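Here's the structure, in structure tokens; my notes come after.
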Amino acid sequence: MATTSNQFLYSLTIQPPSHIVHATPGQFGGTREQLIITAAGSQLTLLRPDPIQGKVHTILTHNVFGIVRSLAAFRVTGSSKDFLIIASDSGRVTIVEYLPDRNRFSRVHMETYGKSGIRRVVPGEYLVCDPKGRAFLVASLEKNKLVYVLNRIAGATTEDNLAAELTISSPLEAHKPGVLVISMVALDVGYSNPVFAALEVDCSEVDQDATGEALEELQTQLVYYELDLGLNNVVRKWSDTVDPTASILFQVPGGSDGPSGVLVCGHESITYMHSNQEALRVAIPRRRGALEDPSRKRTIVSGVMHKLKGSTGAFFFLLQTEDGDIFRVTMDMIKDHDGKTTGDVRRLLIKYFDTVPVATTFCILKNGFLYVASQHSDPGFYQFEKLGDDDDEHEFNSDHFPVDPKAPYDPVYFHPRAADNIILFQNVPSMNPLMDCKVANLTGDDAPQIYTACGSGARSSLRTLKHGLDVTHIVGSQLPGTPSAVWTLKLKRDDEFDAFLVLSFANISFILSIGETVEQVDDSGFFTEIPTLAAQLLGDDGLLQVHAKGIRVVRNGKKFDWEAPQHRSIVAAATNAQQVVIALSSGEIIYFEADEEGNLNEFEERKAMTGTVTCLSLGDIPKGRLRSSFLAVGCDDCTVRILSLDHDSTLENKSVQALTAAPTSLAIMSMIDSSSGGSTLYLHIGLHSGVYLRTVLDEVSGELTDTRQKFLGPKQVRLFQLTVEGKTCVLALSSRPWLGYPDPITNSFTMAPLNYPELVWGWNFKSPQCKEGLVTIHGQDLSILSIDRLGDAFTQKSVPLTYTPRALVKHPEQPLFYTIESDNNTLPINVREQLLADPAAVNGDATMLPPAVFGHPKGNRHWASCISVIDPTAEDEDARVVQTLHLDQNESAISATIVPFLAQYGEHFLVVGVGKDVVINPRKFSEASIHVYRLNDNGREIQLVHKTPVEDLPYALLAFQGRVLVGIGKVLRAYDLGIRQLLRKSHAEVAPQQIVSLNTQGNRIIVGDIHQGITFVIFKPGTNRLIPFADDAVQRWMTCSTMVDYESVAGGDKFGNLFLVRCPPKASQEADEDDSGIHLVNARSYIHGCPWRHDLVCHFFTNDIPTSIVKTSLVVGGQEVLLWSGLMGTIGVLIPLLSREDAEFFQSLEQHLRSEDPPLAGRDHLMYRGYYAPVKGVIDGDLCERYNLLTQEKKAMIAGELDRSVREIERKISDLRTRSAF
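Everything in the sequence shown is counted per UniProt numbering, starting at 1 for the first residue and increasing by one.
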């Protein structure tokens, strides 16, 4: 990285990409449990399906810092564990093993075969593995195919280590120049020589033919490649001509399970082919309905084959079309005289199965579930109810269709219906594709929310992303008064569930029994006339109550009391299973310890504190110990003291820590720690000022070290120990509840808010109905909650949209958003209504299918477009879409903004750029116009004012000094509002190609061109001129931009790069001079552009296409960051590093991690982040955070090289994220 950069940014991903390009199931853990590995961008994710809850849980994510091109799972011969093969842009193929005990991926083998990057002739695009795990083939789009033989040398190691026994051969070549591969699968041939099938097009003659005749005679062929294991070579075994529209292959079971061969899927065609069988073909049924085009043919885009367990030769295919319809394809086998199958196929059978969102991959699991990795919506987890054998759906067979796809045949139709064979159990949230993103605080919380417009077609949505953990409200009850505290108690130490609830009010206490119903208990033995300070199960069966006047222990119905000294009361208490500590109003600390019989014994000496004690904490007794060794005491003199509880030094001072405010709550607890690799004793401190501190408490000396802090809210902090998912966590209650927990993957401490209203008290709760919950107090409400899942940083709320969102605009004053939505080749609503109203509707009935499931009906060259007004804060989900205004006459909205027109005294209008009869490629249109809408009813209703025709499509709109700036092709034009149309005020040609983005500050305008980058334009009010004065030295295909300051602009391009450019200071100063700007206009013509060029400050490759970038602050009191969103659902931040010392530290850490933790798939990290241009001025925070995942030896080694401690490095990494982002 260039160290001369004067600006350093720290890149972090706060929401990884969710566009799953590959998914493969397998027994990766070495057990019978099936897991799913998915690839999205550079992320590998391991999912565990839970058949009991009907959900999939993420158990591991791994950033490979490369583009995953394909995945395949294979099993080593004679084992029960699956390995994963990864083909990426590293030019290498990698074999990866999942280690369940460490919850990590480990690289077993890596073979280099070509250049890095994604190229036509570098293998990696196709990766298929022999079903028996003997070999795999990796191929490129053109020419090259390599076969690797996999072997296992049993006994190669003394331990049963499959990874060490696995060997991989040198590659065997099957190259042929000029051959394009369309699809590839491995044949199931049992234990015969492995065979791989490919759909190929030989283009060698096309390149040499200038007449074009060879192109017309081009044929698509199905080719078999056989790996001869004896001769150790690959031969082209068999080929045959197939349907020229063929695009995808599916493996047919072979050996004892079926006839082998492949299904070749093309345009309305599914053909079974094999080298020793006659071809059989069946047509893909078309949808029947009034809104369907009866002549439109469908194509299979994805599918899966599944063998039925326990019945030899029983299998079926689920194949999906581009509409989302799934068809079940089976084979009718020829049988001999004994009723056994001969291995020959009599006919193909096809019938409609169900409809789900269009998928990239299907995964059928052995426990009867189906995982659907959707292309443009949430992945779904479904359960099979039945296999479609006994339903009334009509079945079509190959007897009625010719093998030749060009021969005439009668098309067949089906009626789509609601899902009958599979039931949706879970929608996994996904924001792919993410079209636009805004940051705003509409709910009045202390932190803003992220609003994203994402999805495609009828499955689009506006999503609210809120930082925090999801909380499920199980049951709640309103109490007669306002309680101040609540505890749960078991009757005996060995009991699994809680028996009592102890509620403390202002002047009384309630004891409630927990069972089928919650009832008040009158004979508990506790004092009920006074409030309770603490309640605890003491010893094995003693119930302890601490109140202001003393202590009561109830055991076997007998009561034992200890009374406080006269004229003094108990102000604070801390308890555990064997120890009790109380603080008196006089400042004295009294210590009790329980003997073997459970009786409390008071320690002779009392400790007098200098100030009033505000809080105490003991912590649980460590396993194998008789007592907790330390007592934490918080006083109103803004200190926390650690006192010893050991027999030889009871109540002696061990350490003291000064605080910025009085402590209100303390909690000593042992938690999992990534720094030590085990558990560490922590002291958690809550202050009256709303600050939370976490410090390490030395288990031997009692010293307090490594203090970290976080501001939680304006109210004082209360702390409670909880158990969530079997892990010890800390609940911190301020103006909103927070949970501190060890991250499930990295074990690093994470502090996240709970998405629940303000709480006063929280405590562990266990019952037969709620195995792991918490009982909470909020006002007069007593509630039992459960925390859904640790590790999910965001909770999402979704508002459904009508079509694919193109832009998201926020109302400047009201909590409203405006979305413009449009879909190409989709019937608009007026055409649909006409067809449904037509009594002579052809092709079936006139029923309307729900678009969210079946999509909108298709119509060639039709546009469906609308403008929606959305209130995401509305409590009623149905009321969140306030208004939807549909565009007619085949118009489509392409840009939008809100403008306070000066001519209307600052009244806000919605301005929308519209095109009519738009054709995407080649780009053309019949009309272009700008629509102006008046905002009525505080913006909740829009009304068309007028339309203004323009000569080109207006791709960019921006409010500018009471007018609207419009990018029309190369021209930048300023309009004011007129009575009948917009009035042109300024006009200049400022961009070389097409303006796609606009930003402004003062008189300066930032123009983004579609492929010429950023241009700075100055507006001269005196002469009413727009003058470009600085542009980019590099051609950038702009997608988004924002102004960082008056001279700096951040943007993204369509190749996945983020950059920061800065206008030279002299150019900026000259442009702002108060004159006509004539010297800027009369620049030298031979430089082909503006007189000045930008300076490149930062450059970084993100592996996602940025769709928006905005300067904002995400946390309370945090610095401003650049938040960007990517098309595949990524959300990331660029955090400015404020000191040179921090920049140099993270640069050094980055360099060490590149060598000590190289990317899993073999990609060079520095080359990856500098894919198109060398990385400059940006530090990869995702790589730095992998420091937490290293072994303790590597952590210590890197820390020694950097002359820091492990904790210090982890604190710097953690602070940078928590103080600026989530």
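Where a beta carbon is used, it is the ideal one built from N, C-alpha and C, also for glycine.
As the structure is a prediction and not an experimental result, all values here were calculated from the model.
Inset, instruction - Flag this pair as touching only if the stretch 1095-1106 and the stretch 1183-1190 have three or more C-beta atom pairs under 8 Å; answer yes or no. - result: no
Inset, instruction - With a floor of 3 residues, list each beta strand (DSSP E) that falls wholly inside the stretch 118-188, ordered by position along the chain. - result: 126-129, 135-139, 145-152, 166-168 and 179-186
Legend entry - Coil, strand or helix - residue 1209 by DSSP: helix
Inset, instruction - Please say whether residue 530 and residue 549 have beta carbons closer to each other than 8 Å? - result: yes
Legend entry - Closest by C-alpha distance to residue 173, when choosing among 827, 227, 715 and 645: 227
Legend entry - Pairwise C-alpha distance: residue 487 and residue 764: 8 Å
Inset, instruction - Please look up how many angstroms separate the CB atoms of residue 744 and residue 464, rounded, as I've assumed it's under 8 Å. - result: Contact flag wrong, Cβ pair sits at about 24 Å.
Legend entry - Buried versus exposed, by CB contacts within 10 Å (16 or more), residue 979: exposed
Inset, instruction - Can you give me the start and stop residues for the beta strand (DSSP E) that residue 968 sits inside? - result: 963-968
Inset, instruction - Please name the residue or residues paired with residue 776 in a DSSP beta bridge. - result: 762 and 783
Legend entry - Inter-residue Cα distance where the pair is residue 1221 and residue 604: 51 Å
Inset, instruction - In the DSSP assignment, find the beta strand (DSSP E) that holds residue 601 and state where it starts and stops. - result: 600-602
Inset, instruction - Whole angstroms is fine: what's the gap from residue 238's alpha carbon to residue 251's? - result: 16 Å
Legend entry - 7 Å CB neighbourhood of residue 993 in its chain, flanking five on each side removed: 970, 1009, 1010, 1011 and 1012
Inset, instruction - With residue 206 as the anchor, note down where its alpha helix (DSSP H) starts and where it stops. - result: 204-208
Inset, instruction - Taking 8 Å as the cut-off, decide whether the C-beta atoms of residue 266 and residue 277 are in contact. - result: no
Inset, instruction - Would you decide whether residue 807 is buried or exposed? Buried here means 16 or more other CB atoms lie within 10 Å of its CB. - result: buried
Legend entry - Limits of the beta strand (DSSP E) - the one that residue 592 falls within: 588-594
Inset, instruction - Could you tell me which uninterrupted beta strand (DSSP E) segments, each at least 3 residues in length, are contained entirely in the stretch 1080-1160, listed from first to last along the chain? - result: 1095-1101, 1106-1112, 1121-1126 and 1131-1136
Legend entry - Buried versus exposed, by CB contacts within 10 Å (16 or more), residue 330: buried
Legend entry - For residue 481 and residue 505, believed in contact at Cβ under 8 Å, the rounded distance: 5 Å
Inset, instruction - Using only alpha-carbon positions, find the residue among 67, 11 and 31 that is nearest to residue 38. - result: 67
Legend entry - Residue burial classification, residue 231 (beta-carbon count within 10 angstroms, cutoff 16): exposed
Inset, instruction - Specify the secondary structure class of residue 15 as computed by DSSP and reduced to three states. - result: strand
Inset, instruction - Apply the 10 Å Cβ neighbour rule to residue 850 and answer buried if 16 or more other Cβ atoms are within range, or exposed otherwise. - result: exposed
Inset, instruction - Pick out whichever of 982, 263 and 726 has its Cα sitting closest to the Cα of residue 788. - result: 726
Legend entry - Euclidean distance between Cα positions of residue 294 and residue 351: 18 Å
Inset, instruction - Let me know if residue 436 comes out buried or exposed under the rule of 16 or more other beta-carbons within 10 Å of its beta-carbon. - result: buried
Legend entry - Those runs of the beta strand (DSSP E) which lie wholly inside the stretch 933-988 and span at least 3 residues: 941-950, 954-960, 963-968 and 971-977
Legend entry - Three-way DSSP call (helix, strand, coil) for residue 1187 in this model: helix
Inset, instruction - Please list, in chain order, all residues of the same chain as residue 1207 whose beta carbon is under 6 Å from its beta carbon, the five residues on each side excluded. - result: 675 and 706
Inset, instruction - Can you tell me which of 275, 326 and 409 puts its alpha carbon nearest to the alpha carbon of residue 1253? - result: Not covered by the structure: residue 1253. The range shown for the chain is 1 to 1222.
Inset, instruction - Just mark residue 264 as buried or exposed, buried being the case when its beta carbon has 16 or more other beta carbons within 10 Å. - result: buried
Legend entry - Residues bridged to residue 656 (per DSSP): 641
Legend entry - alpha helix (DSSP H) segment containing residue 830, residue limits: 829-837
Legend entry - Residue burial classification, residue 256 (beta-carbon count within 10 angstroms, cutoff 16): exposed
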